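Residue numbers (this note's numbering): 11 to 544. Idealized CB from N, CA, C, for every residue including glycine. None of the values given here were measured: they were computed from a predicted structure.
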């Protein structure tokens with residue numbers, strides 16, 4: 011556990027990729043096989059679920075620190091992270107353990123806490139807190155709260171594992187994907203000598219496009235590329251092997267239960283087929299919004315009614331395996347020929363092909379991009395005709411060119427303190443737009459929250475304004491004098507009965523601070539509504 015905490019600290023403090031890789035290599039060389047598996051799991055977002063209520067964690071920590079609960083809560087709002095707050099507030103003692111608890115042992119103890127009484131949970135927590143140093147306590151708390159996240163990309167982890175084991179990096183990337191249980195999986199089975207049967211259920215690592223960050227002309231000859239609509243759905247792989255059909259998300263989550271209608275596609279394709287594509291809402295012959303898809307997500311099982319009211323299709327744009335043969339090393343056009351034949355032969359309405367088109371002039375590519383929203387897409391994909399299907403985000407052969415986001419000018423109305431290095435500043439904002447109420451009076455109605463987009467200097471200026479212009483306090487939230495106007499950008503918009511404004515927006519963020527605008531210049535809910543039809 012202490013070794014893992016040291017690894018996390020080394021990674022967290024380092025800004026250089028090579029130093030992070032060396033830290034990972036050192037850990038994977040010296041850790042037990044059980045600890046290696048759990049480290050891979052944690053860095054792959056396979057974390058243990060929270061076993062203890064956060065309210066109890068706060069109460070126990072305040073008791074150990076001998077501070078009133080209200081003071082702990084105030085400290086928590088300032089620090090911005092529960093695990094860090096507890097690690098800081100629990101006093102240092104001379105009870106540092108001489109035992110070298112393994113990461114796997116600690117995690118298994120955490121998992122088993124759910125079966126313990128609250129009194130036993132409390133005793134266990136306090137004992138750990140008092141015997142661990144600050145950073146080990148912080149990592150332990152992250153595991154306890156179920157909030158373990160750290161900036162280790164798959165590429166860094168697979169590279170370090172490859173350097174230690176001598177196994178090809180892409181092979182490791184493939185082996186650690188999928189729905190495996192770190193409590194039941196050995197390092198040998200996962201990395202060193204995986205059972206071929208277990209690989210049947212795994213998706214391939216996804217090839218990810220880079221955002222277009224150069225002039226089109228620098229791509230060379232326009233006719234060397236093909237162009238596809240960039241769909242706004244859920245990227246996934248549809249797999250049929252050994253008469254079993256699976257639907258995997260790009261995040262490595264098995265989502266077959268949320269999309270049982272797509273599983274039926276397996277009746278129309280052959281064994282040994284892996285399709286890459288987009289799950290899209292599709293009703294009455296039209297592509298819907300991402301908001302429609304969300305009604306299918308986060309459920310263990312979807313009802314026939316939900317399926318009926320929120321139909322989907324799988325729009326495929328690539329094939330990775332054909333007749334049990336990995337064809338990722340074939341060119342894009344060669345793979346597309348296989349894909350066309352499979353979809354044409356299936357002739358099933360829930361499976362369609364994402365057509366590509368060829369363009370001979372860059373000016374026509376720009377025109378095609380300009381009508382993306384009319385095609386219910388969020389831009390263009392630009393793919394080299396000769397491109398093989400790579401692993402991860404590789405630059406050069408696949409580009410994504412998204413349309414400009416929607417924008418609207420909104421009023422800052424509420425604020426909360428941020429997290430991490432911004433925990434002492436108010437950086438999490440709520441924004442509102444003008445509306446006319448039933449009495450014919452204008453009022454501000456909340457429409458979105460955002461916490462990114464400003465420079466550190468701007469955040470400090472806004473923070474100073476908030477502290478001087480607070481109207482009310484609601485725990486960590488402050489309402490402020492409505493005066494500051496910000497241009498808010500977002501990717502999509504949909505009607506919503508759950509939002510006061512009547513609309514839900516996707517990925518809202520601050521584009522810029524409109525210091526040139528007054529309160530009366532902010533947009534209205536009617537303006538927001540008009541964007542729905544663009």
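- Residues of the same chain with a CB within less than 7 angstroms of the CB of residue 279, apart from the 5 flanking positions on each side, are 250, 352, 356 in chain order.
- When secondary structure is reduced to three states using DSSP, residue 116 falls in the helix class.
- In the three-state reduction of the DSSP assignment, residue 153 falls in the helix class.
- By the 16-neighbour rule on beta-carbons within 10 angstroms, residue 207 is exposed.
- DSSP places residue 97 inside the alpha helix (DSSP H), whose first and last residues are 92 to 99.
- The alpha helix (DSSP H) runs of length 4 or more contained entirely in the region 347 to 401 are, from start to end of the chain, 372 to 380.
- For the region 18 to 64, there is no continuous beta strand (DSSP E) assignment of 3+ residues that stays within its boundaries.
- Annotation: residue 301 to residue 416 spans about 16 angstroms, alpha carbon to alpha carbon.
- Under the DSSP definition of a beta bridge, residue 238 partners with 366, 391.
- In this structure, DSSP gives residue 415 a state outside helix and strand, which the three-state scheme calls coil.
- Under the three-state reduction of DSSP, residue 514 is assigned to strand.
- Here DSSP, grouped into helix, strand and coil, assigns residue 11 to coil.
- Comparing C-alpha distances from residue 119 to each of 61, 516, 162, 145 shows the shortest one belongs to 61.
- Residues 219, 393 of the same chain have their beta carbon placed closer than 6 angstroms to that of residue 408, with the five preceding and five following residues left out of the count.
- Residue 316: member of the alpha helix (DSSP H) spanning 314 to 319, first to last residue.
- Apart from the 5 residues on each side of it in sequence, residue 83 has no Cβ closer than 6 angstroms to any other Cβ in its chain.
- DSSP, reduced to helix, strand and coil, places residue 174 within a helical segment of the structure shown.
- Residue 320 and residue 288 have their C-alpha atoms spaced approximately 15 angstroms apart.
- Put simply, the region 173 to 183 does not touch the region 115 to 129. Fewer than three CB pairs are less than 8 angstroms apart.
- Rounded to the nearest angstrom, the gap between the Cα atoms of residue 59 and residue 164 is 22 angstroms.
- Apart from the 5 residues on each side of it in sequence, residue 446 sits with its Cβ closer than 7 angstroms to the Cβ of 452 in its chain, given in chain order.
- Taking residue 386 as reference, the option from 290, 454, 231 with the minimal CA-CA separation is 290.
- Judged by their CB atoms, residue 337 and residue 331 are nearer to each other than the 8 angstroms cut-off.
- Along the length of the region 155 to 234, whole alpha helix (DSSP H) runs at least 4 residues long occupy 164 to 175, 179 to 185, 206 to 209, reported in chain order.
- Excluding its 5 nearest sequence neighbours in each direction, residue 358 has C-beta neighbours in its own chain below 7 angstroms: 275, 278, listed in chain order.
- Going by C-alpha positions, residue 522 is about 17 angstroms away from residue 492.
- Here the C-alpha atom of residue 11 lies approximately 4 angstroms from the C-alpha atom of residue 113.
- Here DSSP, grouped into helix, strand and coil, assigns residue 247 to strand.
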